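Below is one structure, written out as structure tokens, with a few remarks after it.
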Amino acid sequence: MTVKRSVVRGVGGYLPQRVVTNQEISGLVETSDKWIVQRTGIRERHVAAKGETTSDLGIAAARAALKNANLEADAVDLIVLATSTPDQTFPATAVTIQAELGITRGAAFDVQAVCSGFVYAIATADKYLRDGDFRCALVIGAETFSRILDWTDRSTCVLFGDGAGAVVLEAIEQPGTREDRGVLTTKLRSDGRYRSKLYVDGGPSSTQTVGHLRMEGREVFRYAISMVTDVIDAAFSATGYGPNDIDWFVPHQANKRIIDGSAHKLGIAPQKVVTTVDRHANTSAASIPLALAEAVEDGRIRPGHLVLIEAMGGGFTWASALIRW
Ligand code: UT7
Numbered sequence: 008m009t010v011k012r013s014v015v016r017g018v019g020g021y022l023p024q025r026v027v028t029n030q031e032i033s034g035l036v037e038t039s040d041k042w043i044v045q046r047t048g049i050r051e052r053h054v055a056a057k058g059e060t061t062s063d064l065g066i067a068a069a070r071a072a073l074k075n076a077n078l079e080a081d082a083v084d085l086i087v088l089a090t091s092t093p094d095q096t097f098p099a100t101a102v103t104i105q106a107e108l109g110i111t112r113g114a115a116f117d118v119q120a121v122c123s124g125f126v127y128a129i130a131t132a133d134k135y136l137r138d139g140d141f142r143c144a145l146v147i148g149a150e151t152f153s154r155i156l157d158w159t160d161r162s163t164c165v166l167f168g169d170g171a172g173a174v175v176l177e178a179i180e181q182p183g184t185r186e187d188r189g190v191l192t193t194k195l196r197s198d199g200r201y202r203s204k205l206y207v208d209g210g211p212s213s214t215q216t217v218g219h220l221r222m223e224g225r226e227v228f229r230y231a232i233s234m235v236t237d238v239i240d241a242a243f244s245a246t247g248y249g250p251n252d253i254d255w256f257v258p259h260q261a262n263k264r265i266i267d268g269s270a271h272k273l274g275i276a277p278q279k280v281v282t283t284v285d286r287h288a289n290t291s292a293a294s295i296p297l298a299l300a301e302a303v304e305d306g307r308i309r310p311g312h313l314v315l316i317e318a319m320g321g322g323f324t325w326a327s328a329l330i331r332w
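Oh and the sequence shown: position 154 is 161 in our numbering, straight run, nothing missing.
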């Protein structure tokens, strides 16, 4: 019996032009390239230009994904944007992207799950596509974290970067076998008891300001690997796949030590891990689609490959998805 699945038709990424090295940041705060590389694996990050907004980055990534899918924008009837750094408090940044792409039908909205946002957005779009409400979705992760960083706080400002990535998902009937292409499972989790470990100290209803990112890094680190492996084990249980079946592991890019530790704990071979954190730093919801775009562009991820994505971040939220490309 055939099954409707959300199949990846294309992927694209966009990074702002300006590259900020660890060396440059060590001129702003008391830090060093050595400390940042040793503790995080980060060497540089991209930072949006003055006036360059989250929607600008998201539109560029969406256009790249549509081009890669060989589709025109009018094929799209759903836009789900994962972001914690919207252009405005409202309307959703997704509707700005919708308008700039010239799309006047369907629906566009934002999803807020911080670094797990892209996986949440994939899960959301997947449900609507499989239910038949929409046929073709742009799922975007776009962030300008440079705007909410406290550039005097060395414990956070060295860790993040700006960027955007997007995938085009299309509802396509699949044979209903183990070879089915598309999103095979998504697993979402959150636990608000940890919300003060990683947060922004402002907002419309509390301070009427945008606020700055605050994080107890060591605490986040403490939970990251076990939370990530929890949702990946759940994805394996749901599908019957295991670490040896995975062609590519594309984790959220926060810290090389967390990525390596998770892969090791799960038994995923290091050569199957896609890593961009060294050049992008942590771009929150954009990090996974940016890494996917890079690995598709350079020919690593190919149709038929089994791709595992996962993320953990503010909330805490954590999530995974298994996708056959
Ligand atoms: O997307 C999810 C979001 N976030 C994360 O996943 C981040 C998770 N956490 C981490 O990646 C790590 O905890 C950090 C990279 C943030 C920090 O690494 P750590 O090994 O946990 O270091 P630490 O926080 O325990 O700090 C060690 C020392 C401290 O000094 P003392 O107290 O030992 O004297 C810090 O003050 O390093 C100091 N430190 C720095 N030194 C130089 C903190 N930031 C810096 C810095 N440069 N930028």
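In this text, a Cβ means the ideal position worked out from N, Cα and C, and glycines have one as well. Note that the structure is a prediction, hence the values are computed from the model and not measured.
(request) Consult DSSP for phenylalanine 141 and reduce its assignment to one of helix, strand or coil. (result) coil
(request) Check whether the segment 165-177 touches the segment 135-152, taking contact to mean three or more Cβ pairs, one atom from each stretch, closer than 8 Å. (result) Flag = yes, the segment 165-177 and the segment 135-152 touch.
(request) Kindly identify the DSSP beta-bridge partner or partners of proline 93. (result) Paired residues: none, contrary to the question.
(message) Just to confirm the assignment, what range does the alpha helix (DSSP H) spanning threonine 184 have?
(response) From DSSP, threonine 184 is part of no alpha helix (DSSP H); its letter is neither H nor E.
(request) Starting from proline 258, follow the beta strand (DSSP E) in both directions and report where the run begins and ends. (result) 255-258
(message) Under 5 Å, CB to any heavy atom of ligand 1. Which residues pass, going along the chain?
(response) Result (chain order): Thr38, Trp42, Arg46, Thr47, Cys122, Arg161, Ser162, Val165, Gly224, Arg225, Val227, Phe228, Ala261, Asn262 and Gly320.
(message) Does the contact criterion of 3 or more C-beta pairs under 8 Å hold for the segment 293-302 versus the segment 219-234?
(response) Contact fails: fewer than three Cβ-Cβ distances are below 8 Å.
(message) For lysine 41, report the span of its alpha helix (DSSP H) as first-last.
(response) 40-47
(request) Only counting runs of 4 or more residues, tell me where the alpha helix (DSSP H) segments fall wholly within the segment 79-135, in order along the chain. (result) If one requires a minimum length of 4 residues, the alpha helix (DSSP H) runs lying completely within the segment 79-135 are 100-107, in chain order.
(message) Just to confirm the assignment, what range does the alpha helix (DSSP H) spanning tyrosine 380 have?
(response) The chain is shown only over 8 to 332; residue 380 falls outside these bounds and no answer can be derived.
(request) Measure the CB-CB distance between threonine 283 and leucine 297 and report whether it falls below 8 Å. (result) yes
(request) Tell me whether leucine 195 sits in a helix, a strand or coil according to DSSP, three-state version. (result) strand
(message) Would the segment 311-321 count as touching the segment 35-51 if we require 3 or more Cβ pairs under 8 Å?
(response) no
(request) Rounded to whole angstroms, what's the CA-CA distance from valine 102 to alanine 115? Just pull it up for me. (result) 6 Å
(request) Kindly list the residues whose CB is nearer than 6 Å to the CB of alanine 130, restricted to its own chain and excluding five residues on each side of it in sequence; keep chain order. (result) Thr193 and Leu195
(request) With a threshold of 16 other CB atoms inside 10 Å of the CB of asparagine 262, please say whether the residue is buried or exposed. (result) It is buried - the Cβ of asparagine 262 has at least 16 other Cβ atoms within 10 Å.
(request) Could you check how far apart the C-beta atoms of leucine 85 and alanine 144 are, in whole angstroms? I think they sit under 8 Å. (result) 4 Å
(message) In whole angstroms, give me the CA-to-CA distance for arginine 286 and methionine 8.
(response) 45 Å
(message) Measuring CB atoms only, is the segment 72-80 touching the segment 12-26, in the sense that at least three cross pairs come out at less than 8 Å?
(response) yes
(request) Have a look at leucine 88 and isoleucine 330 and give me their C-alpha separation to the nearest angstrom. (result) 19 Å
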